[in-house]
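Beneath this line is the structure, given in structure tokens, with notes to follow.
Chains as they are written, first to last, in this note's numbering: chain A, 28 to 355; chain B, 6 to 352.
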């Protein structure tokens, strides 16, 4: 029971703590800031979670974020946002497709494929830009940027709305459709899924494409809102999203977890970080506490499995009989 | 029915016997085949006059010199990969932490400082060992968390500051010794890290091939449960693998800190993935229990050769990244393919 709703409890505890103790936390302006910082990582985490549910790992999301930001803003000069944004997102899908093909068809471990892809993209980003950040200062770029960050409802800007839209869509997709459920099956036990007639390779490829798509979408939207793409845009995202996904309860071994839980975990981490900054503590405390929470969650899960392993195969009634025989 | 089974089995045997020449060469030579290819490429490029100074003793020495630090770290990482636990991602901050601790402790003399940093390094390794060896925590996530925590510790204790070994007058002698970890050269040619690497290769190769622990580690890496039920103390074996990794990370940390002459939280950044790259190119599979230390040395040398040739060709650092990533995927893919064609696929 506690395990199942762990992340929701954690979120409520952290939120209440910050709301009561942190200065200047509970007001519309600060909460909007939290929603806006959350928006990029939340949308990228959707794809990462689906890949993890499939039992694979995608380390390239951080560089896909940066890459799509650079492509989306770099090509705007020539094509306008109408052309450059679809290209950026399609590039993300293409990278995901290559990852997926190498993992599913060439049967190379996903850790290696995406690690290699991370190095390749890192090089591509710096080669394409020559090491300079891209920033746009034309009228129409600012207009788009203003539109994306305008408050349309309390706490909600268009970019946050897009993010929430995708989270609702993918949550329903993973829970309610047969295709979504099949991802869990592939991750839980690939061979069983294959025997049951599921195209396991296809699902793995699709998972990587979704991951590339969401990473590119998150990156390009973030870059558009700021009208700037720095070359370190997605650098911290990978570790952040990995932590959030694990804290949210998605298992590294696959077949377990969910998109919505990851979203709540991202929200929880952002509330926590925001609170830490409001308390006047620095970046180092942030890193320390994030690590501590991640370590606690991993240790808690490992210990539960360890205890379960110890009693597995033991028969209670047999032990009882033995004990009574020896007069204990 | 019986006939078809027999027919199939003969088919399989013929398939095993008639492996493609490429696969046979690849599986016998292993990673050194790739190394020879790169060497040939360099020689051809030199003969055709595209690059100069490739095939000189000094350049060969430079290649090894440039990768000796990576090699030191990769040796320890190899044990973790061999035990079937992917990678120890806490290596970067272990390096930074031990480096900064050593610089801080130089006022008590050089050797006490080194001993204290080894104790600190092994402490981090010990935490990993207990969590992963005993409680079977997921190695990637756990070491990532430890990486975070110890980075937080460094930045909290030293308040984001960098510290320099030669500032304190009381520890000038120790500081000079410390600076020489990276800079001391035998006969003005052979650098100390290179000697560390050679000694480590010999010791690690001996441990993996000739000791009881090595055999137990191989079994644990191949099939943890089988090892457990054959009476191997798997918890202890995995713990030792992580402790060895922490020890070489400490040695690497001292070297990198001596190289940059500054103790800081960002020392050693990137060495986790770099070391895994070397280990995996060297023919160790992430599934564990397969590969050798000599292979890992080959992987390290390939990275050195590749960087050297690309730099001599005048390829920019960032384009080098792209080529390195592509070659990484290619080599590992070929290795997996050659294993699979022999029916030994488990990776």
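Every residue, glycine too, gets a C-beta built ideally from N, C-alpha and C.
In this text, all values refer to a predicted model and were calculated from it rather than measured experimentally.
- If you draw a straight line from the Cα of residue 54 of chain B to the Cα of residue 75 of chain B, it comes to about 31 Å.
- Distance from the CA atom of residue 116 of chain A to the CA atom of residue 286 of chain B, rounded to whole angstroms, is 32 Å.
- CA-CA distance, residue 62 of chain B to residue 69 of chain A, rounds to 54 Å.
- Per the coordinates, the alpha-carbon of residue 60 of chain B lies some 14 Å from the alpha-carbon of residue 309 of chain B.
- Taking 9 Å as the CB threshold, residue 264 of chain B stays off the interface with chain A.
- Residues of the segment 262 to 279 of chain A with a C-beta less than 9 Å from any C-beta of chain B: 266, 269, 270, 273, 278 and 279, listed in chain order.
- Taking a contact to require three or more Cβ pairs closer than 8 Å, the segment 210 to 218 of chain B and the segment 282 to 301 of chain B qualify as touching.
- Note: residue 232 of chain A is not bridge-paired with any residue in the DSSP secondary-structure output.
- Per DSSP, the continuous alpha helix (DSSP H) segment holding residue 84 of chain B begins and ends at 62 to 87.
- When secondary structure is reduced to three states using DSSP, residue 320 of chain B falls in the coil class, being assigned neither helix nor strand.
- Boundaries of the alpha helix (DSSP H) around residue 300 of chain A: 286 to 305.
- One finds 150 in chain A with Cβ atoms closer than 9 Å to the Cβ of residue 325 of chain B, taken in chain order.
- Looking at the DSSP output, residue 162 of chain A bridges to A:255.
- By alpha-carbon distance to residue 138 of chain A, the top candidate from B:343, B:333, B:345 and B:347 is B:333.
- Not flagged as an interface residue toward chain A: residue 168 of chain B, since no C-beta distance is shorter than 9 Å.
- When Cβ-Cβ separations below 9 Å define contact, residue 157 of chain B makes contact with chain A.
- Relative to residue 91 of chain A, the option among A:245, A:127, A:271 and A:351 whose CA is nearest is A:245.
- Per the C-alpha coordinates, the member of B:165, B:150, B:259 and B:247 positioned closest to residue 309 of chain A is B:165.
- The way I'd put it, the segment 269 to 284 of chain A does touch the segment 215 to 230 of chain A; three or more beta-carbon pairs between them come closer than 8 Å.
- Between residue 200 of chain A and residue 206 of chain A, the C-beta gap is smaller than 9 Å, which places the two residues in contact.
- Put simply, of A:195, A:166, A:293 and A:238 the residue whose alpha carbon is nearest the alpha carbon of residue 251 of chain A is A:166.
- A straight-line Cα-Cα distance of about 11 Å links residue 233 of chain B and residue 226 of chain B.
- Under the three-state reduction of DSSP, residue 180 of chain A is assigned to strand.
- Residue contact with chain A for residue 146 of chain B: present (Cβ-Cβ distance below 9 Å to some residue of chain A).
- Look at residue 228 of chain A: its C-beta is not under 9 Å from any C-beta on chain B.
- Boundaries cannot be given for residue 102 of chain A, as no alpha helix (DSSP H) includes it and DSSP labels it neither H nor E.
- Sixteen is the threshold: when 16 or more other Cβ atoms of the shown chains lie within 10 Å of the Cβ of residue 90 of chain B, as they do, the residue is buried.
- Take the alpha-carbon of residue 225 of chain A and the one of residue 84 of chain A: they are about 20 Å apart.
- Comparing alpha carbon positions, the residue from B:110, B:220, B:322 and B:288 closest to residue 40 of chain B is B:288.
- Any Cβ of chain B closer than 9 Å to the Cβ of residue 140 of chain A would place that residue at the interface, and such an atom is present.
- No Cβ-Cβ contact shorter than 9 Å links residue 155 of chain B with residue 86 of chain B.
- Using a 10 angstroms sphere on the CB of residue 51 of chain A, the tally of other CB atoms stays under 16, which defines it as exposed.
- When the Cα atoms are used, residue 222 of chain A and residue 243 of chain A turn out to be separated by approximately 34 Å.
- Of all residues in the segment 206 to 237 of chain B, none places a beta-carbon less than 8 Å from a beta-carbon of chain A.
- For residue 102 of chain A, the closest Cβ of chain B is not nearer than 9 Å.
- Residue 336 of chain A: member of the alpha helix (DSSP H) spanning 310 to 338, first to last residue.
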